[in-house]
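In what follows, a structure is listed as structure tokens, so that the remarks can point back to it.
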Amino acid sequence: MAAVELAAMKIVLLGEQATGKSSMLVALYGALLNHRAGDTRIVRTIDEVEFLSRGLQALGRRESVHRTEIDGRSRLTIELARQERLATIELADRSGELVKNMLDTRTWDPELRRQLDEAAAAMLFLRADHIESIGHDGRITNGPSADVGPPAAEATDEPVGDGAAASADARPEPPPWSPSQMPPDVRAVDLLQSVLEDRATALPLAVVISAWDLAGGIAAAPPAVWLADHVPLLQQFLRTYAGQLPHRIFGVSAQGGDFRTDTSDAAESEDPWDRAYLVGPEGTQGTLAEPIVWLIETAV
Ligand SMILES: Nc1nc2c(ncn2[C@@H]2O[C@H](COP(=O)(O)OP(=O)(O)OP(=O)(O)O)[C@@H](O)[C@H]2O)c(=O)[nH]1
Ligand SMILES: [Mg+2]
Numbered sequence: 035m036a037a038v039e040l041a042a043m044k045i046v047l048l049g050e051q052a053t054g055k056s057s058m059l060v061a062l063y064g065a066l067l068n069h070r071a072g073d074t075r076i077v078r079t080i081d082e083v084e085f086l087s088r089g090l091q092a093l094g095r096r097e098s099v100h101r102t103e104i105d106g107r108s109r110l111t112i113e114l115a116r117q118e119r120l121a122t123i124e125l126a127d128r129s130g131e132l133v134k135n136m137l138d139t140r141t142w143d144p145e146l147r148r149q150l151d152e153a154a155a156a157m158l159f160l161r162a163d164h165i166e167s168i169g170h171d172g173r174i175t176n177g178p179s180a181d182v183g184p185p186a187a188e189a190t191d192e193p194v195g196d197g198a199a200a201s202a203d204a205r206p207e208p209p210p211w212s213p214s215q216m217p218p219d220v221r222a223v224d225l226l227q228s229v230l231e232d233r234a235t236a237l238p239l240a241v242v243i244s245a246w247d248l249a250g251g252i253a254a255a256p257p258a259v260w261l262a263d264h265v266p267l268l269q270q271f272l273r274t275y276a277g278q279l280p281h282r283i284f285g286v287s288a289q290g291g292d293f294r295t296d297t298s299d300a301a302e303s304e305d306p307w308d309r310a311y312l313v314g315p316e317g318t319q320g321t322l323a324e325p326i327v328w329l330i331e332t333a334v
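Sequential numbering of the sequence shown, starting at 35, is according to my numbering.
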């Protein structure tokens with residue numbers, strides 16, 4: 035009997051720069067190859083996987099994966115098997131700069147728009163340490179880490195004031211307002227709003243809070259609770275549009291820790307697929323395949 039070639043289900047990755055998209059793909063690939071994905075198995079890989087193998091080697095050396103170039107065209111296309119069912123999924127790994135530019139200029143990049151039009155489901159990436167947590171006393175208790183600030187902080191390249199600001203009596207001019215100054219949660223809502231304007235059908239959405247180790251790891255509040263506490267605007271938006279954007283919130287530590295600060299010997303001897311972990315919406319530990327499995331089940 036001739037094999038029936040099914041069209042790949044496309045999942046679009048939405049996230050600005052350095053939000054953990056490539057790290058998640060690499061860790062997912064490592065989990066699938068090394069039987070750390072529960073009852074989800076990889077049947078075959080379609081397309082080149084060099085960027086994934088290189089990424090896994092980097093994680094093995096306790097180095098972060100390379101950032102994706104704006105003109106990069108890497109993707110993960112795999113056939114998965116689970117409980118006698120097969121599914122081919124395609125995840126294009128594009129640079130977060132495309133999303134950043136789209137939000138800054140309020141114009142869809144044609145490639146990103148095409149991806150969205152063709153996608154049966156989406157993953158939205160936010161990085162835990164990019165989210166500022168404003169306590170009841172109004173104090174910021176967690177903010178962007180110094181080395182890799184959030185896109186909003188990186189993008190303020192407008193000159194602050196002008197030459198006159200240097201004189202003693204001149205008041206510094208505030209920089210002109212631009213969308214790039216909005217915090218990541220506001221930008222995420224902005225992005226989803228544009229997605230909804232553009233799409234007539236429902237789009238199942240897995241929200242991935244990356245660098246979950248920096249949110250407190252396995253002992254932290256469950257991701258769904260964390261989202262409501264730290265990113266209430268996004269949580270309310272998702273609740274309001276749950277019909278068009280059926281969603282689930284996951285905490286993912288693709289690296290299994292922070293390479294800048296972790297020096298534990300135990301972590302060093304572990305393979306990357308044993309270090310990486312995922313926490314489900316209610317706080318239960320799961321495999322890195324969980325978001326994909328949920329999206330496949332929800333999209334069909
Ligand atoms: N602590 C910690 N940091 C992480 C983790 N995953 C990613 N990071 C940090 O986030 C940075 C960016 O991760 P990437 O996976 O390259 O992000 P990306 O979304 O692919 O970024 P672009 O390619 O620029 O769009 C890494 O260099 C790490 O510093 C994690 O599990 N834990
Ligand atoms: Mg990347």
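For glycine and all other residues, C-beta sits at the position ideal for the given N, C-alpha and C.
Ranges of the beta strand (DSSP E) found wholly within the stretch 47-86, counting only runs of at least 3: 74-80
Sequence-distant residues of its chain with Cβ nearer than 7 Å to Leu225 (five each side left out): Leu48, Val133, Leu137
Length of the line joining the Cα atoms of Ala255 and Thr295: 22 Å
Exposed unless 16 or more other CB atoms sit within 10 angstroms - verdict on Glu207: exposed
Cutoff 8 Å; reference Asp181; Cβ partners in own chain excluding five residues on either side: Because the pLDDT of Asp181 is 40, which lies under 50, any placement of that residue in the model is unreliable, and the question is left without a value.
Exposure of Thr235, with buried meaning 16 or more beta-carbon neighbours within 10 Å: exposed
C-alpha gap between Ser214 and Arg119, whole angstroms: 43 Å
Cβ-Cβ distance between Trp307 and Gly89 below 7 Å: no
Whole-number beta carbon distance between Arg109 and Glu124, since they are thought to touch under 8 Å: 6 Å
Buried versus exposed call for Gly277 [16 or more other C-beta atoms within 10 Å across all chains shown]: exposed
Where Ile165 sits in the DSSP three-state scheme: coil
The beta strand (DSSP E) enclosing Leu125, as first and last residue numbers: 119-126
Thr53: CB within 6 Å of a non-hydrogen atom of ligand 3: For the structure depicted, ligand 3 is absent and the ligand set comprises only ligand 1 and ligand 2.
Local conformation of His281 per DSSP, three classes: strand
Outcome for Val241 when other beta-carbon atoms lying within 10 angstroms are tallied against a minimum of 16: buried
Touch test, the stretch 249-269 against the stretch 324-334, Cβ-Cβ under 8 Å, three pairs minimum: no
For Leu93, three-class secondary structure by DSSP: helix
Per DSSP, cross-strand counterpart(s) of Arg116: Thr74, Arg119
When Phe85, Ala92, Glu113 are compared against Thr74, the one with the closest alpha-carbon: Glu113
Inter-residue spacing [alpha-carbon to alpha-carbon] between Leu16 and Val60: What is shown of the chain runs 35 to 334, which leaves residue 16 out entirely.
Ser56: CB within 6 Å of a non-hydrogen atom of ligand 2: yes
Element boundaries [beta strand (DSSP E), containing Ala240]: 239-244
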